Each structure stands twice: as C-alpha cells, then as structure tokens.
Amino acid sequence: MQSSSPATDLPLSVRDLTVAYHRKPVLWNVTLDIPDGKLVGLVGPNGAGKSTLLKAIIGMVPKISGAIRIFGRTYSESRAVVAYVPQRETVDWDFPATALDVVLMGTYGRLGWFRRAGKVERDAAHEALAKMEIEHLAGRQISQLSGGQQQRTFLARALVQNAKLFLMDEPFAAVDAATERAIVTLMKDLQTAGCTIVVVHHDLHTVPEYFDHLVLLNTRLVGAGPTSSVFTERNLQKTYGGKLTLLEEIGEAMKRRDQRSKL
Amino acid sequence: MMAFDIAATQLCILADSQLWRLLTLQDYNTRVVLAGTVLLGITSGLLGVYLLLRKRALLGDAISHATLPGIAIAYLWTAMIGQEKTLSVLLIGAAISGSLGGLSVLLLRHFAKIREDAALGIVLSVFFGAGVALVSVLQKIKQGNIAGLESFIYGKVVAITGDDVGLAATVLVIVAIIIATLGKELKILCFDIELARSQGWPVMLLDCLLIAMVVAVTIVGLKAIGLIMVIALLVIPAASARFWTHDLNRMLMISGLLGGVSCAVGAMASAVFADMPSGATIVLCGCGFFLLSFTLGAERGVLWTYLHQKQLRRQQEYLHMLRICYEQLEARRALPSSAKTNVTELVAIREVAEARSWSLRFAFKIASELDARGLVVLRRNGDLQLTARGMVQAEEAVREHRLLEMYMMEQAEADVGQADREADYLEHGLLPEHLAALGESVARGTPPPVPPSPHPLKIDKPDGI
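In structure tokens form, the structure reads like this:
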C-alpha cells in the first residue's frame, strides 16, 4: 500500500482513495497521477466506480480514506479551475430555461452570491455556444433540444467556467455522430490550449483514437499511463474479466457483517 | 313588460343584497379579507414555482401539516400560564413545528438515506397525527374556546384581520426580495444540483431557505385556507403557469397572478356561500384555472397540441389523395404532358378510397376539402380531376414518396410492399435537406422529376370514363 503524499504540481493527484456506498466499496485504494495537458480516458465496466471517482474528486461523495489534490490543493481551494460536466440524464430538461440560460450557469461560480450575469458573461456564453456550433440555438427552450444538442449545451457550460481541469461524465452517451466529432474536436482544442481533460468513456474501439492517456478502473486501479502502453489485451482482460470476484465477495461479506451488527 | 318589471325588481334586490355589497367592496371586512388572500395567493404562487422545479412540491404539504402540533402546544401553553390566547403565540408555535417538520424531511433524507417520498410521508403523518392527538386532549380539557383551532385546519377566511394582512404583506415582500436577489442561486439549485455542488454552493442552506419561505407562507395561509390545503396554493398556480410559458421569469409572474386571482375569487365565493370553507373554494377556483391552462395554455395546452396534430394528419391525408390520383393517371398514361393543362382526366373517387382503405364518405370529405383549396375538382358523381396546382403538389408528393421508397429498397433492403409502407410512414417527416440527400443517393445524375414506381398499378382495361 502506497502512502506517499500526493504530488503537488500535477493537475490531479489521488492517493489511496477508498469510497463506499453503504459499506460496499466502490473504489478501493485508488492511487493515480494525471500529468499536465493530457486527454485522459477513464475506462472500465459498469459499476467500476468511474463516475464515483469523478464525484469523489469534486467532493460530492464522502471518501473513507485517501487524499486528492488538484494542482497541489484541495478541491474547495481549486474550484475555480475545475469544470465538472455531469451526465446529461441527471437533470430535468423540461426545466423552463433556454440553452443560453444553462450555459450562463457555468459563470455562477465565479460570480458568487447575489451578483447577476451581465454582458461579459453573456458574451462568454454566446462564444461557448458558438464553439459548440449551436449558437443559433441560444434562445431555444432546452426541452426542444436533441440529445446531442443538450450535451453540447452542457459542454458549452463547462467552457465558460474557464477551467484548467475538465471532468466529464460520459459526454458521448447517446449522442449522434456529428456531436461526438464536435466533442472530440473540442477536447483536442482544450488540450492544445493547455487544459487537462478526464473523460469517462464506454466505447473501447475509440479509445486509442480519442485519448493519449488512459486510466483503467474496476473498483481498484488496473492501469494508468500513456494509452499506447496501457491499452493492452492483458490490461483489458484484467479490467473486464472476472478477476475481481474475490474483492466483490469480500465487499459483500463486509456488508452482511455490518447488517448483522446492526441487528 | 312583466318580465322586464320582474328583472328590474330583482336588480334592485340585488343592489341591496349582501352579494352586491360584497362585490363592490363596500365593507371594510371584505376589503381586508380580499387583501389578505390576494397577498397570500401571490406569495405562494411565486414560491410554488421553485418548489415545483426543485421537485419538492409535497414538502409544502409536510410542512403545513407539521404546524398543527405547534399550534396545539402553543394553545395549551397559553391556557396553562393563564395568559390570553393571542394569535401571534399560536403562529409562532406553528412556525416552530413547521420548521421542525421541514428539517426532519431533510435530515431523514440526508442521514437515514430514506427516499424523499417516504421521508415526506413519515413526517407528514407523524406530525399531523401528533397534532390531532393534542387537539383532542385540548377538547377534553375544554378550557376556553377551541373552535378557533378548527379554522386553522380548514381555513376561515372571515377571520382575517388587519394584522393578518400586514403579516401577509411582510411575507410577500420578503419572499419577493429573496427571489429577486437569489434568483440565480435558486435556479442552479433547482436545475442542476450536481453543478451547484461542484461550484461550491451550499445546497443544504439553500434548501433550508426554501423551507423557511414555505413555513412563512404556511403561517400566512393557516387562517385563510387552512393547513390541509396550503399545498394547493403552492402547487396549482405554478403547475398551471408552466402551460403558458417556457420562461422562468414569466412563469413566476403568471404563477403569482393565478395564485392571487384564485384566492380573490375563492375568498369571495366563500363569503357568498356562507357555510363553505374558504380553503375549499380557493382550491376549486385554482383548479378551474388549472383546467383552463391545461387546455388553453399557450405553450403546452393540450387543445393546441391536439389541433396541431389533427391538422398535420389532415395534411398528410391530402397528400395521400393527391398522390393516388397521380398514380392512377400515371398507370393510364394519362398524365398531362404540359403544365398548361387546366385539369387532368377523371379519376373515380371509389378507386382512391379503395387504394387507401378509406370509407367512401371519408374520401368525399377529403376530396371536397381539396376542392375548396383549388387542388382538385370534385364532381357530384364522385369523379376527381387534378387542377394545375393540384398536379404540381401531387408530383411533389409522389416524388418524395418514390425517392424514399427506392432508398429503402436500395439501402435498407426492404422489399417492395414494405418499402411502400415505410415510405408512407416516413415521408411526412422529411425536411428539404433529407430530400436533397435522397435525390442524390437514389437518382444520381440528372434528376428525373418523378422516378417510375417500383410497383406500377395494374389497369386491366383502359377505363372508358
């Protein structure tokens, strides 16, 4: 078990992170360093803890143990440079708002209490929508956007946050091919601009094409590093194969014991 | 003349009657009641929008029911220390237990990980049960007049005093200020709680603020509408407003307006029918506005949706009829060679009806509507002719249908009949860019105006029409 302190200069450094929902471990002792300026794919089977890892990074789920540093600081100290893109289905798209309204929400964090979005924010929002090629939909009610357009709106919202580290939860889920291409272009542009992007991804076929850095996750960390060296048959077998049954069994056993002790 | 006299006398009676005095606001009491309920309606309309969008509408119900034990305890306390029962003490009791109820919901959800609906159910029933028990204890003790307690449950609008109006106005001002200054924070809380958390907004605190506002509205609503039906004022105007607009600010305005108007009308009705609790009349009135919005609402009223769909379907049937006429003529090699022809040869409506499996009556109906639009000429005996304009549209429809049909057969390997049906189904959703792409992928090179049919109609004998 490693217990060194997190690296201070990296955009993202995770040490010995363990997270459990109701005592069932979802992430087990994950240690991870993401180098600056990488486009990182976060890959693993369903229930491997990919989304949980992102949520743990931004402090949305409590961790049992471990340390997380973003550019050497805690998340609450470095909020301004992190943009989190939740899964599209987590919000109700029937909300009475336009695409522009949603993008403007990205600026709320730096506006702070009471201050309203002004012309500067509006211009930034329009610019972000234009980057996602949907500026013509700025005034469109969000329930009338297609799935791909909704995802583009979400990414435009992340863009206006002027972040250096982007955490995206399945941006490619259920989008059309044109949107997928637009998202990939955006990510590469962000990378060129010096940003670091971590993307939860499902489609193994496109991994080598999209990402230059890869994190393989299945409750514990299977592999992390340049895609060329990590994206191997053996590692994928380890990630997706049934090698982790023992850990799962232990998790179940702990859960049972816990329930008994409650009774 | 007799009838006129009677009507005039009735008018005089009306002018003297209570109803007339009521409607013209001649009494101070009427004015107070109206002011109090309208202020309450506006406030709950505004707040209801956020409760609805936060998907916490039932939280209002839990909180309002949770005020009962507070009222009962406050009543008991004033009786025990021998103090005169004042309204403010009762309302403070209501506020405290209402807040406790709201907080219990949040805590149950947060720490016990109980689902929200279960948490709401538990809090509502437990607090209300405790309240009912306490009220029955009070009834046993029978100290003083406890009739006032009942009015808190069902609402008694005539009990509203000038002080209540002052309270209602204060709460409205506070809620309006909070919404005006924290609109952005409440919006992000309601739309995307994960983004709100990731940006560091204190989600719990904002939820508590919402609860505090609901408690305040409940306190104001206790007398006017009663704790059981406060929820209606929080939900119905906001839900109605959603039918009229997609814009949050406009939704707030409409919801406030609907809340105010239903309260005014409901309170008046309660005063006219002396025995009816104001809570009931206000809710019924709000319900009326809801039905109105549900059917006629500008943005999502079901009537408009229905009419729009009906119109779309009708349009599709027009195209079907034109297309079949064209195909009949085509099979007979009777298509006009130049567009100058005013009308085409005759097509029997019976054949059109058969081709679409329409009843003859329905075919006549469609044909006469097309006739009215100048696209066909319908003869009395049921013979149809396409006009020049009708011919242009028919050609368009056939072209779209065939392009799609051929595309299906070439690319999707559908067989002839299937391609026809699929094309039938899909052609009405085609956009110009789809057509261009279809034309390109199917008919490469020179675009033929209409590709030949993959399943030409068989005409046994040349009709001697």
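Each protein sequence line maps, in turn, to chains A and B. Just add 39 to wherever you are in the first sequence, counting from 1, and you've got our numbering. Just add 736 to wherever you are in the second sequence, counting from 1, and you've got our numbering. From the three backbone atoms N, C-alpha and C, an ideal C-beta is built for every residue, glycine too. Keep in mind it's a predicted model, so treat the numbers as computed, not measured.
In the structure shown, N1078 of chain B falls within a coil segment according to DSSP collapsed to helix, strand and coil. Contact residues of the region 952-982 of chain B toward chain A are R978, T981 and H982 (C-beta to C-beta distance below 8 angstroms). Residues are counted here when their Cβ sits less than 9 angstroms from a Cβ of chain B; for the region 120-146 of chain A these are V121, A122, Y123, V124, P125, Q126, T129, V130, D131, D133, F134, P135, A136, T137, D140, V141, L143, M144 and G145, given in chain order. In the pairwise beta carbon analysis, the region 1101-1119 of chain B is classified as not touching the region 1030-1046 of chain B: fewer than three pairs are separated by under 8 angstroms. Bounds of any alpha helix (DSSP H) do not take in F1009 of chain B, whose DSSP letter is neither H nor E.
Secondary structure of V121 of chain A (DSSP, three-state): strand.
In the three-state reduction of the DSSP assignment, F864 of chain B falls in the helix class. Under the Cβ criterion (8 angstroms, minimum of three pairs), the region 1016-1035 of chain B does not count as touching the region 1102-1111 of chain B.
When the Cα atoms are used, D943 of chain B and S840 of chain B turn out to be separated by approximately 12 angstroms. When DSSP states are grouped into helix, strand and coil, T822 of chain B belongs to the coil group. Of the candidates A:I181, A:V239 and A:R196, A:V239 places its Cα closest to the Cα of G86 of chain A. The beta carbon of D983 of chain B sits closer than 6 angstroms to no other beta carbon from its chain once the five residues preceding and following it are set aside. Contacts with chain A at 9 angstroms (Cβ-Cβ) include D928 of chain B. Among the residues of chain B, those whose CB is under 8 angstroms from the CB of I97 of chain A are R933 and S934, following chain order.
One alpha carbon belongs to K227 of chain A, the other to G996 of chain B, and they sit about 53 angstroms apart. DSSP places F205 of chain A inside the beta strand (DSSP E), whose first and last residues are L204 to M207. In chain order, V142, G145, T146, A163, A164 and A167 place their CB closer than 7 angstroms to the CB of V199 of chain A, counting only its own chain and leaving out the 5 sequence neighbours on each side. Counting only the Cα atoms, V214 of chain A lies some 28 angstroms from P50 of chain A. A residue is called buried when at least 16 other Cβ atoms come within 10 angstroms of its Cβ; N1078 of chain B does not meet this threshold and is exposed.
For the pair of segments examined, the region 926-934 of chain B was found to touch the region 116-129 of chain A: the number of CB pairs separated by less than 8 angstroms reaches three.
Nearest CB-CB separation between L908 of chain B and chain A: not below the 9 angstroms threshold.
Looking only at B:T1017, B:D1011 and B:M987, the smallest Cα-Cα distance to V1001 of chain B is reached by B:T1017. Taking a Cβ-Cβ threshold of 7 angstroms, the residues of chain A close to I924 of chain B are M144 and Y147, in chain order. A distance below 6 angstroms between beta-carbons, with the five flanking residues on each side excluded, links G957 of chain B to the following residues of its chain, in chain order: L776 and V966. The Cβ atoms of C1061 of chain B and G1126 of chain B lie closer than 9 angstroms to each other. Judged by DSSP secondary structure, K63 of chain A falls within the beta strand (DSSP E) whose first and last residues are K63 to I73. For K203 of chain A, the closest of A:G76, A:A59 and A:V58 by C-alpha to C-alpha distance is A:G76. The Cβ-Cβ distance between V69 of chain A and V79 of chain A does not fall below 9 angstroms.
Around the C-beta of N985 of chain B, fewer than 16 other C-beta atoms lie within 10 Å, and the residue is accordingly described as exposed. Pairing A1089 of chain B with P1187 of chain B, the inter-Cα distance amounts to about 24 angstroms.
By the neighbour-count criterion, in which 16 or more other beta carbons inside 10 Å mark a residue as buried, F153 of chain A falls on the exposed side. If you look at I964 of chain B, you'll find it isn't in any beta strand (DSSP E); DSSP assigns it neither H nor E.
Using a C-beta cut-off of 8 angstroms, the region 766-773 of chain B makes contact with the region 884-901 of chain B, since at least three inter-stretch Cβ pairs fall below that distance. In this structure, the alpha-carbon of L842 of chain B lies about 11 angstroms from that of R792 of chain B. Taking C-beta atoms as the reference points, I964 of chain B and W980 of chain B fail to come closer than 9 angstroms. At a beta-carbon threshold of 7 angstroms, none of the residues of chain A lie near M816 of chain B; the nearest stands roughly 42 angstroms away.
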